[in-house]
Every structure is written in structure tokens, then in C-alpha cells.
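Worksheet: one structure, shown below.
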Amino acid sequence: MHDTRNRALVDFVALPFLFLTVALLGGLRVDGESRAFVFLAPPLVTLLLAVLLMLLLIRGDLLRFQRWIRSDLSPLTNVAHSWMFITLFFASAQAFNSVLPERGLLHWLFSFFFLWTLWNNQFSSFDARRLLRSLAILFGTAFILKHMLLASLYSPEGGWLKRVAGTLLQGVTIGTLDAPSFAPATGYISFFTLTLYVVGLILLASAANGQTKIITHAIPASVVEDYRQVSTAERLTVREAILTEEPQSESRRDNT
Amino acid sequence: MQSRIIQVTGLALSLVYGAFIIWIYATEPRTFKEVTTSAEIAAGTYQINQEHFTSAIALFRREQFRAARDEWQLADPAQADARTQFYIAYSFYREGWGRVYFDQNLFKQGLGAVNRAIALASASPLTVDDPDLHMHSAAELKAELEQGIELSWSDVNPFKVLRTRK
């Protein structure tokens, strides 16, 4: 009883609100001089990155479209789940926006780094936990690079690091490493935003695991025991076979 | 049943929140004060600061146009009141008006302000009943400002020094 209610609260209230807050704060910067808010809409490249990330979340079993949006669920539930996916998409775009430099060569370098990582990950085998870890590290690295290293390089009160690196890089790239200076509050906002985003993904993963648990209860113990006996390579083959057979077996179950 | 209530409530609240985020990114407020002002405008409850407005009128009548504009800026920080924008435009006109030449920069700023005033009062033509002013409608003021910006042969007419400020 409580379990269903709590799950509903997480799925239909907590997750959309978390992701929408990320969407709100991801583009927020605080100007270094006037301390005024600057709202930056997500650049086009972040939408592309968000699409790749959504595909990765599906591959990593964090998002299960076929389970969350089904014909046997009520229309309201399907709409609520779709809305949650939309908020996740925009939160992903804004999470990238939060850690991407705003302009110049660094913007494109970071974008390329993200694109390359996400594209490569499309062809790796992932489970939800590994994917979460990988994403946390990806965003954490980008955060450190942008809000700690680059911010210190381009801050008006920067020290020797700024002078040395700034001069060297400026000379090398003929000024294309130009970056706007934001108040330190921007870094705190970005940290909070990314934390919220990762928390949202963890909640999403727990939702996915919760569903898996319900299904595994129905599997006979002997099948699980047999599975444990086989090698890792064979386990992978079994898993792939199950995943490819899944739609058919589900439709068969529906027919019976 | 309870789950259904949570679904409906969650969906409705998060849709409102989503609309709020779109509105924030569309209006781009720079401070928390601007957020509340924009919200007041959206809700139709926005009112100018009457104290600053009255003070600005007094300064305007003493021909202290820049100080008057500062006061009007404080009275109408969101630039959402047609009457205040009309007065700002008028102050640009009076300050920029000269017997020999018009200050192009001030006239252009005045034109911007009068256009704002006209846009804000799009429902009906804007008229300000102030006996101290010679032009009472925004359209009249706009025409005067546009004429001041345009270059024509009449600019070299020596008799133009006899013209009067409105």
C-alpha cells in the first residue's frame, strides 16, 4: 500500500519536479560584474547531446519505454510517464548547458568531448549502475574543468595560473579561448543542478530496479540457479537472447 | 484511487512549473525584483510607484530632464506603463530640442520610448491631459521626434531658428 503510494509520489511528483528544477537552473548564470541573473537557453548542440543521452539511458535500462508506456496502462498514467520523459530530456539538455562553456573554441571542444563520449558509449555494454557511475563521472569532470579550472583561469582576480596559462593559451589560439566571467555563485548553482540531476537519475534507476524485482519474483529458483552455473560469456548470450525474445514472449503472455 | 490523485496533482503542478520555466526564459529577469515585477505584469496587477512619478513630473517642469527620467525609471522599472513612457519620450524631446539643431541621439531614444508607449497602449490611442504639454497624444509626439531625426532641405532654412519648442 505504502509502496505503491511512495512509488507514485516519486514517479509523478518528485521526478518531474527534480528534472524541471534542473531545466530551470541549468541555464542560469550570475553575471560577474552586475551580479544579475543571465538565463541561457540550451544551445542546439545540447539538444543533440540530450538525444544521445536518452538513447544511452534506454540502452542502460534506466528508461524502459515499453514498460512505462503501454496500451494496458490508463491514458493518464501514460501521459504522466511521457511528461516525465519530456522533463528528463530537457533536464539532460540543461545539465549539458550547465557544464558547457558559453562560447568560443572551448564550447566546441567540450561539445566534441561530450559527443565523442556519448557516441562511443552507444556501442558499449551497460547496466543501470555502470551507466549512472559513468554519467556522474562525465558531468563531474566537465564541472571541474569548467567551473574550477576555467573559472579560475578567467576570473578577474586570477593568480599565477591565470597569468601563465591564459597568456600561453591566448597566444596559441589567437584569442579564441575567450570566456565570459561569471560570479562564483554560478559554480554553486551548477553543482546543485548536477547533483539534482544525478539524484533524479538514481531515483529513476531505483524505479527501474523496483520493476525488475517484481518480475524476478515470478522466476522459478531453479532457473536462477541454472543461470548462476554458466560462465560470464554464456550469461551475456542468455541476456541478449532474453532481450531479443522479450516482445514476442510478452505478446504471447498477453494472448494467453 | 490515491495513486490517481497523486498522478493528477503531480501532472498539473509540474505542468504549471514547466510553464513558469518557459516564462522565466522568455522574459529573462535579471534580479528577483524583476521576477516579481514580471509576475505582476503577467497577472495584471502591476502599478507604478506614484511617489517617484510625482517627483519626476516636478523635475520635468523645472527642466531637469535627466533627473526626471531617473525618477520615472524608478517609478516604472519594467517599462510597462504607457503614460510614464510617454513622459520619458517627452523629456527626451524637450532636452534634445534646439533652435539650431536637434540632438539626434536623444531624439532616437525618445522615439524608442514613444514607440514603447504606443505599444503598451495598443487598445486605444494614448492621450495625456497635461496642460504643461503642447502635444497630448503619443502619435503627435512620435511624428515630431521622427521629423527631428529625418534630414531634409528645411534643415538649412535660416528661419527655423524662429520655431518654438512644444
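Chains A and B, in that order, give the protein sequences. Our numbering numbers the first residue of the first sequence as 129 and each following residue consecutively. Our numbering numbers the first residue of the second sequence as 92 and each following residue consecutively. All C-beta atoms, glycine included, are put in the ideal place defined by N, C-alpha and C. Computed from a predicted model, the values in this text were never measured in an experiment.
Within a Cβ cutoff of 6 Å, which residues of the same chain sit near residue i, ignoring the five residues on either side of it in sequence?
i        : result
B:LYS233 : VAL205
A:SER239 : VAL173
A:LEU146 : LEU324, GLY328
A:THR340 : Because the pLDDT at A:THR340 is just 49, under 50, the model does not fix this residue reliably, and the value given afterwards should be weighed accordingly. Closer than 6 Å at Cβ, skipping near neighbours: no residue.
B:PHE193 : GLY187, GLY239
B:LEU202 : LEU236
B:MET226 : LEU232, LYS257
B:SER259 : An answer regarding residue 259 of chain B cannot be provided, because it is not within the stretch 92 to 257 covered by chain B.
Closest Cβ-Cβ distance between residue i and chain B: below 7 Å?
i        : result
A:THR132 : yes
A:VAL173 : no
A:LEU146 : no
A:ILE342 : Confidence is the limiting factor: at A:ILE342 the pLDDT is only 44, short of 50, which leaves the residue's position unreliable and the question unanswerable from this model.
A:LEU137 : yes
A:LEU177 : no
A:LEU153 : no
A:PHE140 : yes
A:PHE167 : yes
A:ALA164 : yes
Is residue i close to chain A, meaning its C-beta is less than 7 Å from at least one C-beta of that chain?
i        : result
B:SER129 : no
B:GLN176 : no
B:GLN195 : no
B:GLN93  : yes
B:TYR137 : no
B:TYR116 : yes
B:ARG121 : yes
In whole angstroms, what is the alpha-carbon distance linking residue i and residue j?
i        : j        : result
B:GLN138 : B:ARG174 : 12 Å
A:SER226 : A:GLY155 : 6 Å
A:ILE186 : B:ILE96  : 28 Å
A:THR365 : A:ALA264 : 29 Å
A:HIS235 : A:THR174 : 11 Å
B:ALA41  : B:LEU165 : It is not possible to answer for residue 41 of chain B, since the shown part of chain B is limited to 92 through 257.
B:ILE238 : B:GLU231 : The displayed chain sequence assigns Gln, not Ile, to residue 238 of chain B. Distance between the alpha carbons of B:GLN238 and B:GLU231: 11 Å.
A:LEU260 : A:ALA313 : 27 Å
B:ALA214 : A:ASP131 : 56 Å
B:LEU242 : B:ARG256 : 18 Å
A:LEU153 : B:ALA117 : 14 Å
A:TYR282 : A:GLU161 : 13 Å
A:LEU237 : A:GLU230 : 11 Å
A:ASP354 : A:ARG195 : 27 Å
A:ILE343 : A:VAL352 : With a pLDDT of 47 at A:ILE343, under the threshold of 50, the modelled position of that residue is not reliable, and the figure given next carries that caveat. Those two C-alpha atoms are separated by around 13 Å.
A:ARG257 : A:PHE267 : 16 Å
B:LEU106 : B:THR100 : 10 Å
A:PHE251 : B:ALA169 : 52 Å
A:ALA136 : B:SER94  : 6 Å
Once the 5 residues before and after residue i are set aside, which same chain residues still bring their CB inside 7 Å of it?
i        : result
A:ALA181 : Sequence check: residue 181 of chain A is Leu here, not Ala. The residues are SER220, LEU246.
A:ARG163 : ALA311
A:PHE224 : THR174, LEU177, ALA178, PHE242
B:LEU197 : PHE183, GLU186, GLY187
B:VAL126 : PRO120
B:GLN200 : PHE183
A:ALA318 : Looking at the sequence provided, one finds Ser at residue 318 of chain A rather than Ala. Counting only Cβ-Cβ distances below 7 Å, and skipping sequence neighbours, we find SER226, VAL227, PHE271, HIS275.
A:ARG381 : Since pLDDT at A:ARG381 reaches only 48, below the 50 mark, its modelled position is unreliable, and the value read off the structure follows with that caveat. So the list is empty, once near-sequence residues are dropped.
A:THR149 : LEU324
B:ASP223 : ARG152
Among residues of its own chain, excluding the 5 on either side of residue i, which ones have a beta-carbon nearer than 8 Å to its beta-carbon?
i        : result
B:ALA103 : none
B:SER245 : LYS251
A:VAL358 : VAL366
Residues from the region 97 to 113 of chain B in contact with chain A, defined by Cβ distance under 9 Å: Listed by position, the residues of the region 97 to 113 of chain B near chain A (Cβ gap below 9 Å) are ILE97, GLN98, VAL99, THR100, GLY101, LEU102, LEU104, SER105, LEU106, TYR108, GLY109, PHE111, ILE112.
Residues, ordered as in the chain, of the region 203 to 218 of chain A that lie near chain B by beta-carbon distance below 9 Å: Contact annotation: in the region 203 to 218 of chain A, residues whose CB is within less than 9 Å of a CB in chain B are LEU204, THR205, VAL207, ALA208, TRP211, MET212, ILE214, THR215, PHE218.
Cβ pair count under 8 Å reaching 3, the region 134 to 146 of chain B against the region 102 to 116 of chain B: no
Touching by the beta-carbon criterion (3+ pairs, under 8 Å), the region 208 to 219 of chain B and the region 176 to 190 of chain B: Counting Cβ pairs under 8 Å, three or more are found: they touch.
Sufficient close CB pairs (3 or more, under 8 Å) joining the region 326 to 334 of chain A to the region 157 to 173 of chain A: The region 157 to 173 of chain A and the region 326 to 334 of chain A do not touch, with fewer than three beta-carbon pairs separated by less than 8 Å.
Contact between the region 130 to 144 of chain A and the region 207 to 220 of chain A (3+ Cβ pairs under 8 Å): yes
Meets three-Cβ-pair contact criterion under 8 Å: the region 145 to 152 of chain B and the region 188 to 207 of chain A: no
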